[in-house]
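Student: In this note's numbering, the protein residues as written are 20 to 82.
After the structure tokens below, expect a handful of questions from me.
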């Protein structure tokens with residue numbers, strides 16, 4: 020499943036992203052970085068199902 024997580028660079032969002040990646044989902048994150056940080060996403064970048072794109076088509080939005 021392709022999933023968009025809003026607030027994904029925060030504590031909860033980054034852990035949600037990690038869990039989704041572990042179960043085999045493709046994960047897309049959107050975050051304004053007002054409280055989150057890109058450092059929270061560094062460990063996810065090694066996973067091929069993690070994407071950094073501006074425009075995507077997703078199946079589900081988790082917020």
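Even for Gly, the Cβ is constructed at its ideal location relative to N, Cα and C.
Just so it is clear, the structure is predicted and the values come from calculations on it, not from any experiment.
First and last residue of the alpha helix (DSSP H) that includes residue 40?
Tutor: Here residue 40 refers to the residue found at position 21 of the chain shown. Where residue 40 is concerned, the enclosing alpha helix (DSSP H) stretches over 30 to 41.
Student: So, helix, strand or coil for residue 57, using DSSP?
Tutor: Looking up residue 57 in the chain shown gives position 38. The answer is helix: DSSP assigns residue 57 an H, G or I state.
Student: Starting from residue 25, trace the beta strand (DSSP E) both ways and give me its first and last residue.
Tutor: The count along the chain shown starts at 1 and reaches residue 25 at position 6. Start and end: 21 to 25.
Student: What are the residues that DSSP puts in a beta bridge with residue 79?
Tutor: Locating residue 79 in the chain shown gives position 60, where the first residue counts as 1. DSSP, once it has assigned bridges, lists 22 as partnering residue 79.
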